[in-house]
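Trainee: Numbering (the numbering used here), first residue to last: 6 to 341. By construction, the Cβ of each residue, glycine as well, lies at the ideal position given by its N, Cα and C atoms.
(1) Does the structure place the stretch 144-151 close enough to the stretch 113-129 that three or more beta carbon pairs sit under 8 Å?
(2) How should residue 271 be labelled, buried or exposed, when 16 other C-beta atoms within 10 angstroms of its C-beta is the threshold for buried?
(3) Bridge partners for residue 246 per DSSP, in chain order?
(4) Any contact between the stretch 290-306 and the stretch 317-325? By contact I mean 3 or more CB pairs, one from each, below 8 Å.
(5) In this structure, how does DSSP classify residue 193 when only helix, strand and coil are distinguished?
(6) Under the rule that 16 or more other beta-carbon atoms within 10 Å means buried, what is residue 291, buried or exposed?
(7) Here's the rule: buried if 16 or more other CB atoms are within 10 angstroms of the residue's CB, otherwise exposed. What is residue 94?
(8) Grab me the residues of residue 92's own chain with a C-beta within less than 7 Å of its C-beta, minus the 5 sequence neighbours each way, in chain order.
(9) Which same chain residues end up closer than 7 Å to residue 170 when comparing Cβ atoms and leaving out the 5 residues on each side of it in sequence?
(10) For residue 124, write down the residues that DSSP places opposite it in a beta bridge.
(11) Do residue 154 and residue 187 count as a contact pair if the criterion is CB distance below 8 Å?
(12) Counting along the chain, where does the alpha helix (DSSP H) carrying residue 333 start and finish?
(13) Got a sec? Which residues, its chain only, sit under 7 Å from residue 258 by beta carbon, not counting five neighbours each side?
(14) With a threshold of 6 Å on Cβ separation, who are the neighbours of residue 27 within its own chain once the five nearest residues in sequence on each side are excluded?
(15) Who are residue 199's beta bridge partners in DSSP?
(16) Mapping the DSSP letters down to three states, classify residue 92 as helix, strand or coil.
(17) Starting from residue 138 and walking both ways along the alpha helix (DSSP H), at which residues does that stretch end?
(18) If we count the other Cβ atoms within 10 Å of its Cβ and call it buried at 16 or more, is residue 240 buried or exposed?
(19) Does the stretch 219-235 come close enough to the stretch 176-192 to have 3 or more Cβ pairs within less than 8 Å?
(20) I'd like the list of long-range same chain contacts for residue 203, defined as Cβ closer than 7 Å, with 5 residues on each side in sequence excluded.
(21) Buried or exposed: which applies to residue 144, given that a residue is buried once 16 or more other Cβ atoms fall within 10 Å of its Cβ?
(22) Considering only DSSP beta bridges, list what residue 276 is partnered with.
(23) Please report the straight-line C-alpha distance between residue 225 and residue 336, rounded to a whole angstrom.
(24) Could you tell me whether the stretch 58-77 touches the stretch 8-28, where touching means 3 or more Cβ pairs closer than 8 Å?
(25) May I have the straight-line CA-CA distance separating residue 13 from residue 222, to the nearest angstrom?
(26) Would you mind working out which of 207, 66 and 265 sits nearest residue 165, comparing C-alpha positions?
(27) Can you find the residues in the same chain that come closer than 7 Å, C-beta to C-beta, to residue 174, ignoring five residues on each side of it along the sequence?
(28) Can you tell me whether residue 275 is buried or exposed, with buried defined as 16 or more other CB within 10 angstroms of its CB?
(29) Let me know if residue 51 comes out buried or exposed under the rule of 16 or more other beta-carbons within 10 Å of its beta-carbon.
(30) Near residue 37, which residues of its chain fall below 6 Å by C-beta distance, leaving aside the five closest residues on each side in sequence?
(31) Name the DSSP beta bridge partners of residue 9, please?
(32) Taking only three categories from DSSP, how would you classify residue 75?
(33) Pick from 256, 252 and 286: whose alpha carbon is nearest that of residue 264?
Encoded structure:
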């Protein structure tokens with residue numbers, strides 16, 4: 006069964022998903038791509054032999070041949086387009102975050118529920134082979150009950166100032182992936198967040214009332230403690246590691262490198278730096294998440310990353326923001 010797709014948004018992540026759908030997801034066919042910059046949509050369509058390109062996403066929603074949409078547009082448009090897509094009875098893949106407002110998220114999720122369409126949120130790191138191996142070690146009981154989770158997530162270079170101004174802040178833009186990972190790995194309700202941040206890399210973050218360096222502690226209902234550390238600039242590359250320490254042992258994921266060779270000489274022992282950024286590091290997980298979305302539609306399965314999974318990290322991000330600026334632990338019940 007082939008699922009016909011319309012992609013909304015032809016920017017960096019839209020291009021990635023479209024290329025994967027065309028080249029690496031055998032049960033999907035991309036019929037249309039839309040972007041408010043029509044030339045971007047036309048260029049992408051021409052490069053990948055997609056039949057139609059448009060500047061108006063409603064052309065996709067009104068096309069009866071399209072079964073599902075992939076929303077990769079600007080964050081502020083995610084919830085409105087999700088609502089429109091649900092009303093058009095299209096299945097929906099939506100990049101994170103759904104929105105930065107819980108009211109808007111809830112309204113969009115209500116529209117999805119009312120329409121009865123499938124929804125998957127783009128937390129791709131759940132599909133990473135290392136993350137899945139760690140989860141399996143926890144679920145199988147191999148390392149016993151988790152006691153401490155440590156997540157390191159450091160970007161190789163900061164984003165532009167224009168991006169930072171509209172990003173929602175480090176906790177809702179960057180750490181949101183780590184909040185989702187913590188929920189994915191620890192089978193307990195998250196109850197409290199304590200976050201602290203500073204500006205150590207670039208004064209533009211201070212101008213944007215944001216941080217470029219942060220540490221967040223999460224407390225789960227079962228007593229598990231998670232510690233996340235973030236930086237907007239690791240000069241050696243994209244630093245992505247996870248460790249879970251449990252009652253019977255521990256498991257630790259290492260950074261992915263271009264190759265696994267090690268050179269030993271008189272100057273020391275040397276290996277490759279981590280893969281540069283998320284497009285290189287998580288390429289396979291982007292493919293896997295899209296295959297899972299298509300499979301859920303084709304075989305009428307539940308999607309592996311639900312609307313609730315999309316909402317929860319925003320709640321945590323809002324709590325972390327409140328915690329950092331008020332310098333105190335914040336219970337998730339304070340947020341909603």
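Mentor: Taking the definition as stated:
(1) At 8 Å Cβ cutoff, the stretches do not touch.
(2) The residue labelled residue 271 in the question sits at position 266 within the chain shown. In the assembly as shown, residue 271 is an exposed residue. Its beta-carbon has fewer than 16 other beta-carbons within 10 Å.
(3) For this step, residue 246 is matched to residue 241 along the chain shown. Answer is 157.
(4) Inter-segment contact for the stretch 290-306 and the stretch 317-325 is absent: fewer than three beta-carbon pairs are separated by less than 8 Å.
(5) Residue mapping note: residue 193 aligns to position 188 of the chain shown, counting from 1. Three-state result, residue 193: coil.
(6) By 1-based counting over the chain shown, the position of residue 291 is 286. Answer is buried; the Cβ neighbour count reaches 16.
(7) Translated into positions along the chain shown, residue 94 becomes position 89. Residue environment analysis places residue 94 among the exposed positions, since fewer than 16 neighbouring C-beta atoms fall within 10 angstroms of its C-beta.
(8) If you number the chain shown from 1, residue 92 lands on position 87. Contacts found: 116 and 120.
(9) Against the chain shown, residue 170 aligns to sequence position 165. Closer than 7 Å at the Cβ level, and outside the excluded window around residue 170, lie 213.
(10) Here residue 124 refers to the residue found at position 119 when the chain shown is read from its first residue. 97.
(11) In the chain shown, counting from the first residue as 1, residue 187 sits at position 182. In the chain shown, counting from the first residue as 1, residue 154 sits at position 149. Taking C-beta atoms as the reference points, residue 187 and residue 154 count as a pair closer than 8 Å.
(12) Sequence index remark: in the chain shown, residue 333 carries index 328 (1-based). First-last for residue 333: undefined, no H or E at that position.
(13) Position 253 of the chain shown, counting from 1, holds the residue named residue 258. Closer than 7 Å at Cβ, skipping near neighbours: 135, 139, 246 and 247.
(14) One-based indexing of the chain shown puts residue 27 at position 22. Result list for residue 27: 35 and 53, in chain order.
(15) Here residue 199 corresponds to residue number 194 of the chain shown, with the count starting at 1. In the DSSP secondary-structure assignment, residue 199 is bridged to 222.
(16) Taking the first residue of the chain shown as 1, we reach residue 92 at position 87. Residue state, collapsed to three classes: helix.
(17) The count along the chain shown starts at 1 and reaches residue 138 at position 133. 134-144 is the extent of the alpha helix (DSSP H) around residue 138.
(18) Residue numbering aside, residue 240 sits at position 235 when the chain shown is read from its first letter. A residue is called buried once 16 or more other Cβ atoms fall within 10 Å of its Cβ, and residue 240, having fewer, is exposed.
(19) When Cβ pairs closer than 8 Å are counted between the two stretches, the stretch 219-235 is seen to touch the stretch 176-192, the count reaching three or more.
(20) Numbered from 1 along the chain shown, position 198 holds the residue referred to as residue 203. Cβ within range, chain order: 216 and 218.
(21) Counted from its first residue, the chain shown places residue 144 at position 139. Looking at its Cβ environment, which holds fewer than 16 other Cβ atoms inside 10 Å, residue 144 is exposed.
(22) Numbered from 1 along the chain shown, position 271 holds the residue referred to as residue 276. For residue 276, which the question treats as bridged, DSSP gives the partners 267.
(23) Taking the first residue of the chain shown as position 1, residue 225 is located at position 220. Taking the first residue of the chain shown as position 1, residue 336 is located at position 331. Using only the alpha carbons, I get a separation of about 11 Å.
(24) Taking 8 Å as the limit for Cβ pairs, the verdict is that the stretch 8-28 does touch the stretch 58-77.
(25) Reading the chain shown from its first residue, position 8 is the one you call residue 13. Reading the chain shown from its first residue, position 217 is the one you call residue 222. Annotation: residue 13 to residue 222 spans about 36 Å, alpha carbon to alpha carbon.
(26) Position 160 of the chain shown, counted from the first residue, corresponds to residue 165. Closest by alpha carbon: 207.
(27) Residue numbering aside, residue 174 sits at position 169 when the chain shown is read from its first letter. If we look at residue 174 and ignore the five residues flanking it on each side, its Cβ neighbours are 215 and 326.
(28) Counting from 1 along the chain shown, the entry for residue 275 is found at position 270. Counting other Cβ atoms within 10 Å of its Cβ, residue 275 stays below 16 and is therefore classed as exposed.
(29) Within the chain shown, numbered from 1, the residue matching residue 51 stands at position 46. Per the 10 Å Cβ criterion, exposed.
(30) Within the chain shown, numbered from 1, the residue matching residue 37 stands at position 32. Same-chain partners within the cutoff: 11, 57 and 65.
(31) By one-based count along the chain shown, residue 9 stands at place 4. Bridge pairing for residue 9: 34 [DSSP].
(32) Here residue 75 refers to the residue found at position 70 when the chain shown is read from its first residue. DSSP places residue 75 in strand when its eight states are reduced to three.
(33) Locating residue 264 in the chain shown gives position 259, counting from the first residue. Cα-wise, what sits closest to residue 264 is 286.
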